[in-house]
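Chemist: Input: one structure, supplied below.
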Amino acid sequence: MRHAEPDVVIVGAGIAGGALGTVLAGAGFEVVLLEREKSYPDRVRGEFMAPWGVTELAKLELLQPLRDASALFTRRSVPYDENFAPAEAEARGLDLTKMHSEGLGGLCLGHPATCAIFAQLATAAGAILLRGAGDISVTSGSRPLVSCTYDGAKFEFQPRLVIGADGRNSSVRKELGFKVNADEPRNLLGGMLVKGVPSWPRDMQVIGVEDRFHFLIFPQGDDLLRLYGSYHFAEKARFDGPTRRAKLIDAFSKLSCVPYAEAIAASIPIGPFNSFSNEDHWIDDPTCPGTVLIGDAAGHNDPIIGQGLSIALRDVRLVSEILRDAKTGRRGPDFRPYVEERAERMRRLRITAQVVTTLRVEFGPEERKRRARVGKRVAEGQLAPLPASLIGPERLPPEAFLPETIERLLAP
Ligand SMILES: Cc1cc2nc3c(=O)[nH]c(=O)nc-3n(C[C@H](O)[C@H](O)[C@H](O)COP(=O)(O)OP(=O)(O)OC[C@H]3O[C@@H](n4cnc5c(N)ncnc54)[C@H](O)[C@@H]3O)c2cc1C
226 MRHAEPDVVI VGAGIAGGAL GTVLAGAGFE VVLLEREKSY PDRVRGEFMA PWGVTELAKL
286 ELLQPLRDAS ALFTRRSVPY DENFAPAEAE ARGLDLTKMH SEGLGGLCLG HPATCAIFAQ
346 LATAAGAILL RGAGDISVTS GSRPLVSCTY DGAKFEFQPR LVIGADGRNS SVRKELGFKV
406 NADEPRNLLG GMLVKGVPSW PRDMQVIGVE DRFHFLIFPQ GDDLLRLYGS YHFAEKARFD
466 GPTRRAKLID AFSKLSCVPY AEAIAASIPI GPFNSFSNED HWIDDPTCPG TVLIGDAAGH
526 NDPIIGQGLS IALRDVRLVS EILRDAKTGR RGPDFRPYVE ERAERMRRLR ITAQVVTTLR
586 VEFGPEERKR RARVGKRVAE GQLAPLPASL IGPERLPPEA FLPETIERLL AP
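First residue of the sequence shown? That's 226 in this note's numbering, and the numbers climb one at a time after it.
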């Protein structure tokens, strides 16, 4: 058995783990990263980062490496919708560059590529990364214990702190018995990467509704697009079975409100079609002695509003600041500011996701009218939680998330 006593062991070298490993190793911490995968597969997730997440990247000094890796920036978000003609939807498009101080808009880069960049940065900064680590077990306490197998050998670590960054099905969270709150699954969200759509404007993303289908389209590099569709559980069969990838392309090709539907009809799938149930999961306090959870492991927002990357990076910033301050002050870290900020951030994003679900994944003639009505109200400046998903939840007043505000917003 090999034994080591680093400052920090991070379980999971995905978005949150890789970014935190980079920042902490760069600040002089001894970091060990334990990653289950030898290479990052396309899990169908996390390919659009909201403008407020781009600001977090900049604060962490991680923006430039993603720019160097040819990340795209979507400057406009167009709400193609059965309620308006395409030209009107384009005129109603949101200018994403105005949503944050960097003025770049949303960032689009593949999830596997982003994880690989962060992993490479972490090792370049001095972190030790064990890819393909298995049988990871964590015991909490003032000197926590982590064991794993790697390359046929058994390893044991006794760090000062364990960070659980192992995603939405976190085994650290399960093993340490954290209580996870969850609301009822609301609908399904499935996605797939396609190639062969060179005509798609690379600075444009689309979020719209037609018939019984809420769709999202994010450009990736070259001629690639990430297609997402959200639909009701009762319509699961619509995108099920061995031909589900063709079924998804077919659904997009039939969208009469999207001018590029024909181009998408000719696209070729280059990844799996995976579908997930949409709901929020949260933990009241994602810390216990010697352990802190970050990213999806600490609870995830409903992906319908694409916040997970930004949430993970905010977690990384707050936790790394606390650890750096503790190191400078030669005292133990106090994670209360992280716990409190995260609880309120996730509460606000939960409310935002619920309103978005009501607006975009409830279908029918009345719902269609409501969507148009609410869009007009928001454009006229009525208070709503919706901008939280672009500018960051803390930049809206608390009243934006009150039940009476939402009632007024959705009222007939
Ligand atoms: C369908 C869908 C679409 C989404 N779209 C968006 C979007 O457009 N924008 C957005 O911001 N967010 C989106 N998200 C959410 C986003 O992908 C996640 O919130 C984000 O990836 C969280 O980062 P993370 O590091 O916590 O987890 P992950 O990125 O999942 O990384 C976790 C890492 O831990 C590793 N791991 C897991 N278990 C173990 C183990 N036992 N031992 C060791 N390692 C382990 C995994 O291999 C992985 O590398 C989407 C999610 C879904 C499901």
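Quick reminder that beta carbons are idealized off the backbone N, C-alpha and C, glycines included.
Taking only the alpha-carbon atoms, compute the straight-line gap between Val434 and Glu307 and give it to the nearest angstrom.
Modeler: Those two C-alpha atoms are separated by around 6 Å.
Chemist: Can you tell me where the beta strand (DSSP E) with Ile442 in it begins and where it stops?
Modeler: Phe438 to Pro444 is the extent of the beta strand (DSSP E) around Ile442.
Chemist: Tell me the residue span of the beta strand (DSSP E) that contains Gly271.
Modeler: Unbroken run through Gly271: none, as it is neither H nor E.
Chemist: By Cβ distance below 8 Å, which residues in the same chain neighbour Asp551 in space, the five residues on each side in sequence not counted?
Modeler: Residue 551 is actually Ala in this sequence, not Asp. Counting only Cβ-Cβ distances below 8 Å, and skipping sequence neighbours, we find Gly557, Pro558 and Asp559.
Chemist: By Cβ distance below 8 Å, which residues in the same chain neighbour Met571 in space, the five residues on each side in sequence not counted?
Modeler: Excluding residues within five positions, the ones whose Cβ falls inside 8 Å are Asp505, Trp507, Gly524, Asn526 and Ile536.
Chemist: Using 9 Å as the threshold, is the C-beta distance between Leu401 and Leu258 below it?
Modeler: No.
Chemist: Compare the Cα-Cα distances from Gly239 to each of Thr339, Leu414 and Glu272 and report the closest residue.
Modeler: Nearest of Thr339, Leu414 and Glu272 to Gly239, Cα basis: Thr339.
Chemist: Let's see if you can read the secondary structure: which residues bound the beta strand (DSSP E) around Tyr456?
Modeler: Unbroken beta strand (DSSP E) run through Tyr456: Leu450 to Tyr456.
Chemist: When the Cα of Gln414 is compared with those of Asn499, Ala358 and Glu315, which residue comes out closest?
Modeler: A small correction: the amino acid at residue 414 is Leu; Gln does not occupy that position in the sequence shown. Among Asn499, Ala358 and Glu315, the Cα nearest to that of Leu414 is on Asn499.
Chemist: So does Glu435 have its beta carbon nearer than 8 Å to some heavy atom of ligand 1?
Modeler: Answer for Glu435: no, Cβ out of range of ligand 1.
Chemist: Which ranges does the alpha helix (DSSP H) cover as unbroken runs of at least 4 residues, wholly within the region 536 to 592, from first to last along the chain?
Modeler: Here the runs fully enclosed are 561 to 585.
Chemist: Inspect the beta-carbon positions of Val603 and Ile529 and report whether they are closer than 9 Å.
Modeler: Contact flag unset, no.
Chemist: Look up His336 in the DSSP assignment and say whether it is helix, strand or coil.
Modeler: In this structure, His336 counts as helix in the three-state DSSP scheme.
Chemist: By the DSSP assignment, the alpha helix (DSSP H) with Asp360 in it spans what residues?
Modeler: Careful: Asp360 lies outside any alpha helix (DSSP H), inside the beta strand (DSSP E) at Gly359 to Thr364.
Chemist: Is there contact between the region 431 to 448 and the region 540 to 548, where contact requires at least three CB pairs shorter than 8 Å?
Modeler: Touching, no.
Chemist: Is any heavy atom of ligand 1 found at a distance shorter than 8 Å from the C-beta of Val236?
Modeler: Yes, the beta carbon of Val236 sits closer than 8 Å to at least one heavy atom of ligand 1.
Chemist: Just verifying my parser: in three-state terms, what is the DSSP assignment at Gln607?
Modeler: Here Gln607 sits in coil by DSSP.
Chemist: Cβ of Phe403 within 9 Å of Cβ of Leu518?
Modeler: Against a cut-off of 9 Å, the Cβ pair of Leu518 and Phe403 comes out as a contact.
Chemist: Can the beta-carbon of His228 be found closer than 9 Å to that of Trp277?
Modeler: Their beta carbons are not under 9 Å apart, which means His228 does not touch Trp277 by this criterion.
Chemist: Can you name the residues that DSSP bridges to Gln430?
Modeler: In DSSP, Gln430 forms a bridge with Ser302.
Chemist: So, for Arg575: in the same chain, excluding its five sequence neighbours on each side, which residues have a beta-carbon less than 8 Å away from its beta-carbon?
Modeler: The residues are Asp408, Asp505, Trp507, Asn526 and Asp527.
Chemist: Is Leu450 close to chain D? Criterion is C-beta to C-beta, closer than 9 Å.
Modeler: No chain D appears in this structure, which consists of one protein chain only.
Chemist: Between Ala347, Leu287, Gly330 and Arg300, which has its C-alpha nearest Gly243's C-alpha?
Modeler: Selected option, being the one with the closest Cα: Ala347.
Chemist: For Leu285, which of Ala568, Leu245, Ala310 and Glu255 has the nearest alpha-carbon?
Modeler: The candidate whose alpha carbon is nearest that of Leu285 is Leu245.
Chemist: Do you know how far the Cα of Arg555 is from the Cα of Pro410?
Modeler: The straight-line gap from Cα to Cα measures roughly 45 Å.
Chemist: Considering only residues of the region 372 to 410, which uninterrupted alpha helix (DSSP H) runs meet the minimum length of 4 residues and lie entirely inside it, listed in chain order?
Modeler: As far as the region 372 to 410 is concerned, its whole alpha helix (DSSP H) runs of at least 4 residues are 396 to 400.
Chemist: Are Ser614 and Val431 closer than 9 Å when you measure CB to CB?
Modeler: No, the Cβ-Cβ distance between Ser614 and Val431 is not below 9 Å.
Chemist: Buried or exposed for Ile342, please, with buried defined as at least 16 other CB atoms from any protein chain shown within 10 angstroms of its CB.
Modeler: Per the 10 Å Cβ criterion, buried.
Chemist: Examine ligand 1 and report whether any of its heavy atoms sits within less than 8 Å of the Cβ of His336.
Modeler: Under cutoff, so the answer is yes.
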